[in-house]
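Heads up, the sequence shown is in the working numbering, so the first residue is 30 and it goes up one at a time.
Beta carbons are placed, not taken as given, at the ideal position from N, Cα and C, and that holds for glycine.
Just so we're clear, the structure is a prediction, and the values are computed from it rather than from any experiment.
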Amino acid sequence: MFSRIGLTVLGLTMAIASSGAMAQAYPDKPVKVEVGYVPGPTGPDYAARVVAPKLSELLGQPFVVENKPGASGTIATAFVANAAPDGYTLLLGETAQLEIAPFLFKNLPYDTLKSLTPIGLITDAAGLVIVSNAKVTDIRSIHDLIREAKARPGSIAYGTAGVGSIHHIAMELFQDGAGIKLNHVPFKGGGESLPAFLGGQVPILIAALQRVWPYVKNGDVNILAVTAGARLPAIGDVPSLSEIIPGYAVESQLGLLAPAKLPDAILETLSTNLNKALMDRALREKLGVEGTRSIKWMSPNDYSSLIKSNQAMFRRAIDIAGIKPE
Numbered sequence: 030m031f032s033r034i035g036l037t038v039l040g041l042t043m044a045i046a047s048s049g050a051m052a053q054a055y056p057d058k059p060v061k062v063e064v065g066y067v068p069g070p071t072g073p074d075y076a077a078r079v080v081a082p083k084l085s086e087l088l089g090q091p092f093v094v095e096n097k098p099g100a101s102g103t104i105a106t107a108f109v110a111n112a113a114p115d116g117y118t119l120l121l122g123e124t125a126q127l128e129i130a131p132f133l134f135k136n137l138p139y140d141t142l143k144s145l146t147p148i149g150l151i152t153d154a155a156g157l158v159i160v161s162n163a164k165v166t167d168i169r170s171i172h173d174l175i176r177e178a179k180a181r182p183g184s185i186a187y188g189t190a191g192v193g194s195i196h197h198i199a200m201e202l203f204q205d206g207a208g209i210k211l212n213h214v215p216f217k218g219g220g221e222s223l224p225a226f227l228g229g230q231v232p233i234l235i236a237a238l239q240r241v242w243p244y245v246k247n248g249d250v251n252i253l254a255v256t257a258g259a260r261l262p263a264i265g266d267v268p269s270l271s272e273i274i275p276g277y278a279v280e281s282q283l284g285l286l287a288p289a290k291l292p293d294a295i296l297e298t299l300s301t302n303l304n305k306a307l308m309d310r311a312l313r314e315k316l317g318v319e320g321t322r323s324i325k326w327m328s329p330n331d332y333s334s335l336i337k338s339n340q341a342m343f344r345r346a347i348d349i350a351g352i353k354p355e
C-alpha cells in the first residue's frame, strides 16, 4: 500500500516538474504571427511589426510576422484557428475579422471564441466623423448634422469604406440612437472613400482616425465627433458620440490570439510578456502613432469578455442596417 502511495506521489511530482519544464522551454523555436491584411503604415500589420520584435527580445526567439490578406481578414483567422495549439502560430487580429465577420458571412470557418484563445488586447482606435473645410457643406458640428438630418431625413450623404465596415456599423448605431436618417454611400475600401470625400463627392466621411490624421493636422477637415466612449486628448476639444448617446462606444481594436485549447502555461507566458512589451516606452510611442491609437492591454479573460460584448453590439447594428449575411 505504502509502495503504491509512494509511486503515485512520485508520478505526480514528475508530472508537475515536466509541466514546469515545458512552460520554461516555451518558446524554443520561432513563433509565427499571422496578419490578415496587407503591409501598411497603420493597422494590424504595423502593430504586429512593432510588437513582434519586443516579444522576440523578451522571449528569446524570433516572432515572425506573416501576411495572409483577403476576405476581410478571415483567411488568416481561419488559418490560425486550424493550427496546432502549441503557441507557435498566433494571430494579430482586429475587430472586423473577430467581431463583425461572424454576422456578415454565412459559412465562416471559425467561431471566434470557440476556435481561438484570446491572449490580450493591444490597442484600440476611434473613428472620426468629419466634414471638409472646403465648404462642401454648412454643417460644422455634430449638432448641426443632427438638426439638418431631422429636417431633411435621408438627404445628407456620408461615405464609408464599405457596407458592413466598422464605420458603417458605427454610423448605423449613431443614427438609431440619435433618431435620424442619413444616406449611406459605400466605397470600396478606405483608399477609395477618402479621395472621394476630399474631392467633394460626399460631404461627410467616417474613417479611422489614423487614416485622416494628416488632413486633421493640416486643417483640411473639421472633426464633428469621435466614436470612442470619451473625448480623445490627442485631438483636442472634440465631442464623443457618447455625449449624445449614453453608452455609445465603437472602436477598432487589435489583439493577440492563438488557436483554441492553448495550454495554460503558454497562455500565461504570452499574456505576461505581451503586458511587459506594452509597458515599454519606446514601443508605446511607436504603437500610439501620435496619439491616434490607445495602448490598452487586457488579460485573456477580460479580452474574451470584450469580444463577446462587442459581438452583441455589432449583431444588433447589422440587424438595424438590414445587412444580410453572404
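The three-state secondary structure of residue 352, taken from DSSP, is coil. The beta carbons of residue 188 and residue 214 sit closer together than 7 Å. In this structure residue 240 is buried. Its beta-carbon is surrounded by 16 or more other beta-carbon atoms within 10 angstroms. In this structure, residue 109 sits near residue 118, with a CB-CB distance shorter than 7 Å.
Looking at the backbone, the Cα of residue 65 and that of residue 207 are separated by about 34 Å.
Around the beta-carbon of residue 148, 16 or more other beta-carbon atoms lie within 10 Å, marking it buried. By the CB criterion at 7 Å, residue 256 and residue 155 fall inside the cutoff. Using a Cβ distance threshold of 7 Å, residue 94 and residue 77 count as a contacting pair. If the five residues before and after residue 85 are omitted, its C-beta is found closer than 6 Å to the C-beta atoms of 91, 92, all from its own chain and listed in chain order. Judged by pairs of C-beta atoms under 8 Å, the stretch 338-354 does not touch the stretch 258-273, as fewer than three such pairs exist. Beyond the five residues adjoining it in sequence on each side, residue 166 comes within less than 6 Å, by CB distance, of 160, 232 in the same chain, given in chain order. Per DSSP, residue 126 lies in no alpha helix (DSSP H) segment and is marked neither H nor E. The three-state reading of DSSP puts residue 187 in strand, counting E and B together. A straight line joining the alpha-carbon of residue 54 with that of residue 294 spans about 11 Å. Taking a 10 Å sphere around the C-beta of residue 140, we find fewer than 16 other C-beta atoms and assign the residue as exposed. Fewer than three Cβ pairs drawn from the stretch 125-143 and the stretch 243-252 lie within less than 8 Å of each other, which leaves the two stretches out of contact. In the structure shown, residue 136 adopts coil according to DSSP, grouped into three states. With at least 16 other beta carbons inside 10 angstroms of its own, residue 60 counts as buried. Scanning the stretch 229-296 for uninterrupted alpha helix (DSSP H) segments of 4 residues or longer gives 238-247, listed from N- to C-terminal end. Burial of residue 322 is indicated by the presence of at least 16 other C-beta atoms within 10 angstroms of its C-beta. The three-state secondary structure of residue 62, taken from DSSP, is strand. Sequence-distant partners of residue 216 (beyond 5 residues in either direction) whose C-beta falls short of 8 Å from its own C-beta, in its chain, are 188, 189, 190, 191, 222, 225.
Pairing residue 280 with residue 74 gives a Cβ-Cβ distance that is not under 7 Å. Residue 93 sits in a strand when the DSSP states are folded into three classes. When only Cα atoms are considered, residue 320 and residue 263 end up about 5 Å apart.
If you draw a straight line from the Cα of residue 83 to the Cα of residue 306, it is about 6 Å long. Scanning its chain for C-beta atoms nearer than 6 Å, with the 5 sequence neighbours on each side dropped, one finds around residue 199 the residues 156, 256, 279, in chain order. Straight-line measurement puts the Cα of residue 137 at about 11 Å from the Cα of residue 144.
Annotated as proximal: residue 132 and residue 344, with beta-carbon spacing under 7 Å. Counting C-beta atoms within 10 angstroms of its own C-beta, residue 339 has 16 or more neighbours from the protein chains shown and is therefore classed as buried. Residue 151 sits close to residue 283, with the two beta carbons spaced by under 7 Å. In the displayed model, residue 318 falls within coil according to three-state DSSP, outside both helix and strand.
As a beta-bridge residue in DSSP terms, residue 152 pairs with 283, 324.
Between the alpha carbons of residue 116 and residue 290 lies a distance of about 10 Å.
For residue 302, the three-state secondary structure derived from DSSP is helix.
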